[in-house]
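This report refers to the structure that appears directly beneath it.
Number of protein chains: 4
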Amino acid sequence: MMIDYSNFYARIAHSPLRDWLQTLPKQVADWQQQQLHGDFGQWAKTLRLLPEVEPSEVDLQNRVKFGVESDIQPGDAAKLQGLLQQFKPWRKGPFDLFGMSIDTEWRSDWKWDRVAPHLDSLQDRHVLDIGCGSGYHLWRMKGAGAKMAVGIDPGQLFIMQFKAIQKYAPQAITNDVELLPLGVDDLPKLQVFDTVFSMGVLYHRRSPIEFLTQCRDQLRKDGQLVLETLVIQGDEYSVLMPEDRYAQMRNVWFLPSTAALCLWLRRCGFKDIQVVDLNRTSVEEQRATAWMENQSLVDFLDPKDTSKTIEGYPAPLRAVITARRI
Amino acid sequence: MMIDYSNFYARIAHSPLRDWLQTLPKQVADWQQQQLHGDFGQWAKTLRLLPEVEPSEVDLQNRVKFGVESDIQPGDAAKLQGLLQQFKPWRKGPFDLFGMSIDTEWRSDWKWDRVAPHLDSLQDRHVLDIGCGSGYHLWRMKGAGAKMAVGIDPGQLFIMQFKAIQKYAPQAITNDVELLPLGVDDLPKLQVFDTVFSMGVLYHRRSPIEFLTQCRDQLRKDGQLVLETLVIQGDEYSVLMPEDRYAQMRNVWFLPSTAALCLWLRRCGFKDIQVVDLNRTSVEEQRATAWMENQSLVDFLDPKDTSKTIEGYPAPLRAVITARRI
Amino acid sequence: MMIDYSNFYARIAHSPLRDWLQTLPKQVADWQQQQLHGDFGQWAKTLRLLPEVEPSEVDLQNRVKFGVESDIQPGDAAKLQGLLQQFKPWRKGPFDLFGMSIDTEWRSDWKWDRVAPHLDSLQDRHVLDIGCGSGYHLWRMKGAGAKMAVGIDPGQLFIMQFKAIQKYAPQAITNDVELLPLGVDDLPKLQVFDTVFSMGVLYHRRSPIEFLTQCRDQLRKDGQLVLETLVIQGDEYSVLMPEDRYAQMRNVWFLPSTAALCLWLRRCGFKDIQVVDLNRTSVEEQRATAWMENQSLVDFLDPKDTSKTIEGYPAPLRAVITARRI
Amino acid sequence: MMIDYSNFYARIAHSPLRDWLQTLPKQVADWQQQQLHGDFGQWAKTLRLLPEVEPSEVDLQNRVKFGVESDIQPGDAAKLQGLLQQFKPWRKGPFDLFGMSIDTEWRSDWKWDRVAPHLDSLQDRHVLDIGCGSGYHLWRMKGAGAKMAVGIDPGQLFIMQFKAIQKYAPQAITNDVELLPLGVDDLPKLQVFDTVFSMGVLYHRRSPIEFLTQCRDQLRKDGQLVLETLVIQGDEYSVLMPEDRYAQMRNVWFLPSTAALCLWLRRCGFKDIQVVDLNRTSVEEQRATAWMENQSLVDFLDPKDTSKTIEGYPAPLRAVITARRI
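Here it is in structure tokens:
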């Protein structure tokens, strides 16, 4: 019933991430202990039922694709699809497994396409993705040449989704891409990553300053932060906090203007700060699918004025900002 | 070389604050251990040299006054003044000891006069002052009838100044007023205080939301928060963060509008939120004196336009907001 | 459902035991938290049902006696007896409450009579009894003049029995006698007690050396240890460890000769070491009663040769040794 | 200035020892932090100056030998000898490096020869040596086929001596033999080792029962304990504790008879207990050498009666006992 991270521990022992061994194995063991209730056991069982299939081809540069239809027996294909649907809702993707498409709520590939041109080369880099969900972007980072792409997200279901996809990656790649069941507060100050991504997390934090400091504390000097978060229009003085929900999301705190956010980054020890993308989320990019059947963005906007959320706030506007650690 | 808090521990054992005994004595002992270097030893020695004098009268209702000139021998008066000056700079006051006036940087009595009319009665209440400095307002709270007035502030010098004043309070009062060398992060969730004051702290916190939550966690249900902090003009979306210093102060983070601050309070579990005072700090209220000879407000304002700080921000505007815990 | 130790905390704040506040309230609170299951709730309820009675006389010098028969209404007397019987088995005593005798398994008063002549005067002393059971000897220590008599024993039932007796002590005495739900491993190195008793504990410890060191760490310089434990005949090289049970007791480890034990004490930092009593436990001193209806010593001895336990070991021989801390 | 254990961490991640990662890297990092004073820095520098030499042959089956004289340049040989002498005193050995013999105080090979016939086969086993000193026996365990031979000893100098020897082991072997700077109290209950050695430790422990329990807690079910310690003549009741020093050693506690020790082992959860060797230590086996110039056994015995120590106790008699975990 345990998820085995031994490969990852052995891998990092010889990497710049080695100091992580001082805290990580204990945290993961504690986490495993806490999962012994709830759906975890059933999900872990589902994981073990996944059919063994070898992908004849892999594409991580243009999409996340493992194998083609002819790699898999028809019976296994049906079984694979049935088992993966037990991990619904799938939010970040899409994934292409042996000809089957996991059509997720988000077109995370569109986001990647907007972000990718602004990245310092990921070739041979150690990359961290804070709040990576099911890990879609980890695979794209590996596709862009990263030596290691490590994500953290404390959600049980995300771990399961990631492990299901990881099962079909070739061994060489598997060892370089991992998702760990941690929150950002669990990270020691590693100060070794070349690039740190955090997309869609900042507005969920009660302390954005603390969060930006935590991101900085993972970066080596001159390492790059890639931050994506909800923003509003306005000047350096403009910050929105919703009274309660925002676009039906609970637990949303600070939505700054990009000017305010850039100022925060300066205060937190970043330089070379650039707003590289500003995008009003479209109902094509975030929507219900066969793999995520709940409500989605279209339901969270004011039906009479889609420039507003149903609570009356400005509709979701997402900025990508890059910066480097001083 | 130790400062003795035994009276306080015995006092709270029989009060609603009793659960504090689970953490407080250990924290104070650790703090004492850490003070064994620096000026602490010298200051503690100065404390012990203070002359023994009994005050023939006390006034905590209109000022903080212990004794009159005729209570003290002239030689002792000179000695007292000389010793107390070793604890300069004195920031919060003024104090009136045996006819001698400790003329502090701040006219904290003016602030008290603005705040007092808006307080729920302090009669027989347990009151906490977070970031109380040398404890001027603790005495005024006692003067307003509080059963216990407890302050926290981690600054060594504040402890010394408080202990020097406390030495001249009658025993009955001494046991009811205490300053503990703690920061707000050191507090357990006591949820027992009737009133919590925090004046001049919020803008120094990297996470104002966390801070407001910590204030709430000290209050009993319906207990009153009295919050004083720097604010700016503006609507619910308006928040200033300085690039670096603000009025020459380091470590200043969020200066919200009162509208934004009220919203934050709602999100943190407060009700009955009212802005009861809004005051542009005058150079009469905060200024250099014989007991605080460093620069003061007048030096921190733009000499050509005193509506601005020398960094070009709006000059200090302080709001007092009251609220009650839901 | 909580047992309140506030009086004790207030009491020690002004005593040499004050440093105990750094650990004790937290340990007691944790202990209370852990008791929320099992019989504790029912027992605590029983405690609260005990009738209110004032003792007209008290004798702690010749026995543990609170009140006489005429102090209590006949109905209350019956109620008191019925409730106290819910705390069976009563092992250490006897207690005399309002004319009712709690006839315990042990005649602990006989043991006291053997020990008392060898004690440094307890007048105004702070005394600790490690493993005090229901606390019989604590009362006798108070009767011998101790300023405070504090016992520790982690057993739930002992706490209840003690609290039941304590309820009938006059207030002045109550504040000076307390039983805390701690094991010896929970004690910080207080080094303040004038006298430390430990009777019937050493042979239950896997590490007698560690235990003697812990006893020493509670004593002030020149403070007296009063140690009672099972011993065997023999020289400095003689130590018995039973294969399994000893006199039907589980968890018995080292039974040294008195010569070996004196050597251990020397190694652990004691001086003035004297064997003051050596007593083969009689079936009159330890036996089943109406208040302890289980098997007792007579059942644990070889019926054909009472000089041996039923396991074939030498029958219980108990030594009292006194020593002082270097 | 740090000693790198990354290889070991990577090695155990894929071994039955993997749970050790939950505590070990943090403990080692803390230890390194604490070594930053004293001789450690100088010694670490010495380690780095050791010449690079490849051994053309290795013998761990009959001795600990790395390389022959012709493998090394004469200048390097002199340098090697000079540097290794900085790690004096060398106690456990001997080591044979490129034709140079490190003639240690102890002929640990003689001890090995007495122990080896009684071992369960070490072939492919995971072996732990508690208190292994400079690690001589670790190499012999590897020579006997062990998959991994891990020692623990908190002494700085032992670590240096081990690392100096390890430098000349072929890579394949290096990864299988490690000495960790831990005491037995630092070990979690791993319960995975096939064989646990502890030679020359038990008599230094204040709690032999605790120590035997800790040894058991490292063994898998049916795993073998190999215990060597000082004993005395006598029956199950015989245990010697010296008043102060024993053969000039400080910190010596319990010296049981073999009968008493076997009983202790039974109480601690062992079976198949056998005394496989009993040996009065000779002045040929333990003596001063050019690599250990201090006093040695001959100086610790009574010159008039070498059957006694100079303190008058029986001269050192060492037993080897084997047992298996229940």
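So the protein sequences, as listed, match chains A, B, C and D. First residue of the first sequence: 1184, per our numbering; consecutive thereafter. First residue of the second sequence: 1184, per our numbering; consecutive thereafter. First residue of the third sequence: 1184, per our numbering; consecutive thereafter. First residue of the fourth sequence: 1184, per our numbering; consecutive thereafter. For every residue, glycine included, the Cβ atom is placed at its ideal position computed from N, Cα and C.
Contacts of Y1517/B in chain C (Cβ-Cβ under 9 Å) | Residue 1517/B lies beyond the stretch modelled for chain B, which goes from 1184 to 1509, so this question has no answer here.
F1249/B (DSSP reduced to helix, strand or coil) = In the second sequence, residue 1249/B corresponds to position 66, counting from 1. Residue state, collapsed to three classes: strand.
For S1421/A, the nearest candidate out of L1219/A, W1447/A and Q1401/A (CA to CA) = Taking the first residue of the first sequence as position 1, residue 1421/A is located at position 238. Closest option to S1421/A, Cα to Cα, is W1447/A.
Cβ pair V1247/B, D1279/B closer than 8 Å | To locate residue 1247/B, count along the second sequence from 1; it is residue 64. To locate residue 1279/B, count along the second sequence from 1; it is residue 96. Contact: yes.
Is it buried or exposed for I1504/C, if we count other Cβ within 10 angstroms and need 16 for buried?
-> Position 321 of the third sequence, counted from the first residue, corresponds to residue 1504/C. So I1504/C counts as buried.
Nearest-angstrom Cβ-Cβ length linking G1406/D and R1507/D, presumed shorter than 8 Å | Here residue 1406/D is taken as the residue at index 223 of the fourth sequence, counted from 1. Here residue 1507/D is taken as the residue at index 324 of the fourth sequence, counted from 1. Yes, G1406/D and R1507/D are in contact; Cβ-Cβ is about 7 Å, under 8 Å.
Determine whether the Cβ of L1446/B lies closer than 8 Å to any Cβ atom of chain A.
-> Here the question's residue 1446/B lines up with position 263 in the second sequence. Answer yes: the Cβ-Cβ gap between L1446/B and chain A drops below 8 Å somewhere.
Between M1424/A and K1271/A, is the Cβ-Cβ spacing less than 8 Å?
-> In the first sequence, counting from the first residue as 1, residue 1424/A sits at position 241. In the first sequence, counting from the first residue as 1, residue 1271/A sits at position 88. Not closer than 8 Å, so no.
Do you know offhand how far Q1311/D's Cα is from D1187/D's?
-> Numbered from 1 along the fourth sequence, position 128 holds the residue referred to as residue 1311/D. Numbered from 1 along the fourth sequence, position 4 holds the residue referred to as residue 1187/D. Looking at the sequence provided, one finds Leu at residue 1311/D rather than Gln. Their Cα atoms are separated by approximately 20 Å.
Specify the secondary structure class of T1378/A as computed by DSSP and reduced to three states.
-> Stepping through the first sequence from its first residue, residue 1378/A is reached at position 195. Of the three classes helix, strand and coil, the one that applies to T1378/A here is strand, per DSSP.
Using the beta-carbon of each residue, which ones in chain C are nearer than 7 Å to L1423/D?
-> Translated into the one-based positions of the fourth sequence, residue 1423/D becomes position 240. Within 7 Å Cβ-Cβ: Y1420.
Under 8 Å by beta carbon: chain C residues contacting I1392/D | By one-based count along the fourth sequence, residue 1392/D stands at place 209. Within 8 Å Cβ-Cβ: R1389, S1390 and W1436.
Does the beta carbon of T1441/B come closer than 8 Å to any beta carbon on chain C?
-> The residue you call residue 1441/B lines up with position 258 of the second sequence. T1441/B does not count as touching chain C.
For chain A, is any of its Cβ atoms less than 8 Å away from the one on T1357/D?
-> Walking along the fourth sequence from the start, residue 1357/D turns up at place 174. In terms of beta-carbon proximity, T1357/D stays away from the interface with chain A, with every pair separated by 8 Å or more.
Per-residue DSSP class, three states only, for I1493/A = Position 310 of the first sequence, counted from the first residue, corresponds to residue 1493/A. Secondary structure of I1493/A (DSSP, three-state): coil.
Could you check which residue in A1260/B, L1305/B and D1303/B has the C-alpha nearest to that of M1283/B?
-> Taking the second sequence and counting its residues from 1, one reaches residue 1283/B at position 100. Shortest Cα-Cα distance from M1283/B to any of A1260/B, L1305/B and D1303/B involves A1260/B.
Excluding five sequence neighbours on each side, which residues of the same chain lie with their C-beta closer than 7 Å to the C-beta of L1340/A?
-> Taking the first residue of the first sequence as 1, we reach residue 1340/A at position 157. Counting only Cβ-Cβ distances below 7 Å, and skipping sequence neighbours, we find F1270.
Exposed or buried, what is Q1401/C when buried is set at 16 or more other beta-carbons lying within 10 Å of its beta-carbon?
-> If you number the third sequence from 1, residue 1401/C lands on position 218. It counts as buried.
Straight-line gap, Y1386/B to I1285/B (C-alpha atoms, nearest Å) = Taking the first residue of the second sequence as 1, we reach residue 1386/B at position 203. Taking the first residue of the second sequence as 1, we reach residue 1285/B at position 102. Cα to Cα, Y1386/B sits roughly 27 Å from I1285/B.
Inter-stretch contact (C-beta, 8 Å, three-pair minimum) for the segment 1296-1306 of chain B and the segment 1404-1418 of chain B = Three or more Cβ pairs closer than 8 Å define a contact, and the segment 1296-1306 of chain B meets that threshold against the segment 1404-1418 of chain B.
Taking only runs of the alpha helix (DSSP H) that begin and end inside the segment 1461-1507 of chain C, which ones reach a length of at least 4 residues, in chain order?
-> Uninterrupted alpha helix (DSSP H) stretches at least 4 residues long and entirely within the segment 1461-1507 of chain C occur at 1480-1483, given in chain order.
Inspect the beta-carbon positions of F1589/A and P1371/A and report whether they are closer than 8 Å.
-> A query on residue 1589/A cannot be resolved here, the shown segment of chain A reaching from 1184 to 1509 and no further.
Y1192/C touches chain B at which residues, Cβ-Cβ below 8 Å?
-> Counted from its first residue, the third sequence places residue 1192/C at position 9. Those are Y1192, A1193, A1196, R1201 and L1204, listed as they occur along chain B.
Go ahead and pull the three-state DSSP assignment for K1271/D.
-> Against the fourth sequence, residue 1271/D aligns to sequence position 88. Here K1271/D sits in coil by DSSP.
Would a C-beta distance cut-off of 8 Å place A1430/A and T1472/A closer than the cut-off?
-> Indexing the first sequence from 1 puts residue 1430/A at position 247. Indexing the first sequence from 1 puts residue 1472/A at position 289. Contact flag unset, no.
Flag P1208/A as yes if its beta-carbon sits less than 8 Å from any beta-carbon of chain D, otherwise no.
-> As a position in the first sequence, residue 1208/A is number 25, starting the count at 1. The beta carbon of P1208/A sits closer than 8 Å to some beta carbon of chain D.
Does any residue of chain B bring its CB to less than 8 Å from the CB of E1143/A?
-> The structure shown does not extend to residue 1143/A, since chain A spans only 1184 to 1509, so no value can be given for it.
Note down, in chain order, all residues in the segment 1448-1480 of chain C with a beta-carbon under 8 Å from any beta-carbon belonging to chain D.
-> For the segment 1448-1480 of chain C, residues whose beta-carbon sits nearer than 8 Å to a beta-carbon of chain D comprise R1449 and R1450.
Check the C-beta distance from L1200/D over to H1309/D and give it rounded, since I have them as a contact under 8 Å.
-> Counting from 1 along the fourth sequence, the entry for residue 1200/D is found at position 17. Counting from 1 along the fourth sequence, the entry for residue 1309/D is found at position 126. Between H1309/D and L1200/D the Cβ distance is about 7 Å, and since that is below 8 Å, they are a contact.
Please decide whether G1528/D counts as near chain C, where near means a Cβ-Cβ distance under 8 Å.
-> Coverage of chain D is limited to positions 1184 through 1509, which leaves residue 1528/D absent and any answer about it impossible.
In chain C, which residues lie with their C-beta within 8 Å of the C-beta of G1224/D?
-> Position 41 of the fourth sequence, counted from the start, is the residue given in the question as residue 1224/D. Result: empty, since nearest Cβ-Cβ is about 33 Å, beyond 8 Å.
Going along the chain, which unbroken runs of the alpha helix (DSSP H) with 4 or more residues stay wholly within the segment 1314-1391 of chain A?
-> Counting whole runs of 4 or more residues, the segment 1314-1391 of chain A contains the alpha helix (DSSP H) stretches 1319-1326, 1339-1349 and 1354-1357.
For Q1268/C, does the count of other Cβ atoms within 10 angstroms reach 16, so buried, or fall short, so exposed?
-> By 1-based counting over the third sequence, the position of residue 1268/C is 85. That one is exposed.
Using 10 angstroms around the beta-carbon of L1332/B, count the other beta-carbons present and answer buried if the total reaches 16, otherwise exposed.
-> Taking the first residue of the second sequence as position 1, residue 1332/B is located at position 149. Reading off the sequence, residue 1332/B comes out as Ala, not Leu. By the 10 Å Cβ count, A1332/B comes out buried.
C-alpha distance - I1313/A paired with E1252/D, whole-angstrom precision | Residue mapping note: residue 1313/A aligns to position 130 of the first sequence, counting from 1. Residue mapping note: residue 1252/D aligns to position 69 of the fourth sequence, counting from 1. Rounded to the nearest angstrom, the two C-alpha atoms are 56 Å apart.
Establish whether the CB of A1212/C and some CB of chain B are separated by less than 8 Å.
-> Here the question's residue 1212/C lines up with position 29 in the third sequence. Interface with chain B (8 Å Cβ-Cβ cutoff): A1212/C is included.
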